[in-house]
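Residue numbers (our numbering): 11 to 343.
Cβ coordinates follow ideal geometry from the N, Cα and C atoms, glycine included.
Note that the coordinates shown come from a computational prediction; the quantities given were computed from them, not determined experimentally.
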Amino acid sequence: MTPSCKITIDGQLVSGVFASRIISCKVTDKEGVSSDTCSIQLNDFPVAAIPRKGAIIRIWMGYGVAGMAYMGAFTAEEIEVEMFPFSMSITGKAAEMRGSSKQNKERHWDQKSVKDIVSQVASENGLQPVIDDEAGSHVYEWFAQQGESDIHFVERLADRHGAIVSVKDGKLIFASKASGKSPSGSALTPVIVTPSILQPGSARVRFSDRTQYKAVKASYTDRKKAKKLDVEEQSDPEGAAVYRLNEQFADEAEAKRAAKAKAGDLLRRQATFSCTIVGNPAARAGAPLTFAGCRPGVDGLPFIIATANHDYSKSGYTTSLDGESQSGQRAAG
């Protein structure tokens, strides 16, 4: 199979002038508000028109024509031309929340669900909300944005609910972490890493007890009893210490949800991986990954991809991946 890459800039296919000139194209797909990025390098001789700053770049990668997958839309941030020899470099970033999203705000919501809150923030920033049912179902009696930006606010909300938040293709996505599913509920394509697709020397799995805690505690105020109470969620039964959340929560349900989310995070960080494989355009952040036929103690462990770096060039197409355990794992077997 022959690796292929298609690029459009402001709706115009980069062909004829540019297609044969693509030296390299890199796309980074990652979890979190941190925007996805692209980096394109072109042979610029004979010289071509310089794209405008802010141009919309769309990228497809894969094999042949039928085997290409859409990698996302990006805004051209920086264009650089070199002379003698002539080349052009374009870097882009996925569309972000508006500039006002970085301004600190003071406000609150009463009797609103997470879905309601995130939808309002998305709308204010010109984004379409995409929120999965599990992550968006909780209803708050009262919840405040306290002198923080929209970006920081939605990240804090995501942490409380064991979710990830990201901006992709004009959408503000709020989805359950490590579910292996898209916000619409459809399963993301699993990646199975075998020796035949691994780049030599690239595969690593790390097991660590730095995040090994027996449980996570969170406190809330019982208004009727006028006292502070604790809730506890189990993390790793083999742990000894208890992790305490510093934030004071409004009620028991909030505290339990936040403690459960943190317990899951701590478990997942006990095993992490990184590897580089033959280019796979279906490998995306949030998708499940397993190793097969690679090593006893590693094969079959369920991981979730956190970052997928797709790297196309004239010499080939590779995908570099990293992530963490789906549910907290030690060596298998």
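Backbone secondary structure at residue i - three-state DSSP
i: residue 331; result: strand
i: residue 130; result: helix
i: residue 316; result: strand
i: residue 154; result: strand
i: residue 30; result: helix
i: residue 41; result: coil
i: residue 383; result: Any answer about residue 383 is impossible in this case: the structure gives the chain only from 11 up to 343.
i: residue 299; result: strand
i: residue 2; result: The chain is shown from 11 up to 343; residue 2 falls before or after that span and cannot be answered.
i: residue 60; result: coil
i: residue 14; result: strand
i: residue 86; result: strand
i: residue 117; result: strand
i: residue 243; result: strand
i: residue 125; result: helix
i: residue 164; result: helix
i: residue 176; result: strand
i: residue 224; result: coil
i: residue 341; result: With a pLDDT of 48 at residue 341, under the threshold of 50, the predicted position of this residue should be treated as unreliable, though the coordinate-derived value follows. Reduced to three states, the DSSP call for residue 341 is coil.
Beta-carbon proximity of residue i to residue j, cut-off 8 Å
i: residue 100; j: residue 161; result: no
i: residue 272; j: residue 252; result: no
i: residue 176; j: residue 41; result: yes
i: residue 224; j: residue 246; result: yes
i: residue 67; j: residue 21; result: no
i: residue 104; j: residue 84; result: yes
i: residue 200; j: residue 281; result: no
i: residue 299; j: residue 221; result: no
i: residue 344; j: residue 209; result: Given a span of 11 to 343 for the chain in the structure shown, any question on residue 344 remains unanswerable.
i: residue 148; j: residue 267; result: yes
i: residue 333; j: residue 301; result: no
i: residue 330; j: residue 34; result: no
i: residue 260; j: residue 229; result: no
i: residue 8; j: residue 198; result: Any question about residue 8 goes unanswered here, given that the chain covers just 11 to 343.
i: residue 151; j: residue 121; result: yes
i: residue 64; j: residue 178; result: no
i: residue 263; j: residue 243; result: no
i: residue 32; j: residue 60; result: no
i: residue 78; j: residue 16; result: yes
Residue i - partner residues in DSSP beta bridges
i: residue 283; result: 215, 333
i: residue 321; result: 36, 328
i: residue 232; result: 237
i: residue 19; result: 22, 67
i: residue 92; result: 97
i: residue 80; result: 70
i: residue 102; result: 48, 86
i: residue 306; result: DSSP, once it has assigned bridges, lists no residue as partnering residue 306.
i: residue 112; result: Paired residue(s): none; residue 112 is not in a bridge.
i: residue 138; result: 181
i: residue 353; result: This structure gives no information on residue 353, because the portion of the chain shown stretches from 11 to 343.
i: residue 311; result: None, per the DSSP bridge assignment.
Segment limits, beta strand (DSSP E) that includes residue i
i: residue 50; result: 47 to 53
i: residue 254; result: 252 to 259
Alpha helix (DSSP H) segment containing residue i, residue limits
i: residue 278; result: 262 to 278
i: residue 144; result: 143 to 146
i: residue 185; result: Run containing residue 185: none in the alpha helix (DSSP H); it sits in the beta strand (DSSP E), 181 to 186.
i: residue 202; result: Not the alpha helix (DSSP H): residue 202 falls in the beta strand (DSSP E), residues 201 to 203.
(request) Determine, using beta-carbon pairs with one atom in the region 85 to 96 and one in the region 144 to 160, whether at least three such pairs fall under 8 Å. (result) At 8 Å Cβ cutoff, the stretches do not touch.
(request) Could you tell me whether the region 72 to 85 touches the region 277 to 293, using the rule of 3 or more Cβ pairs below 8 Å? (result) Yes: at least three Cβ pairs fall under 8 Å.
(request) Determine contact between the region 178 to 187 and the region 48 to 67, defined as no fewer than three beta-carbon pairs at a distance below 8 Å. (result) Taking one beta carbon from each stretch, the region 178 to 187 and the region 48 to 67 have fewer than 3 pairs nearer than 8 Å; the two do not touch.
(message) Would the region 273 to 288 count as touching the region 213 to 227 if we require 3 or more Cβ pairs under 8 Å?
(response) Yes, they touch.
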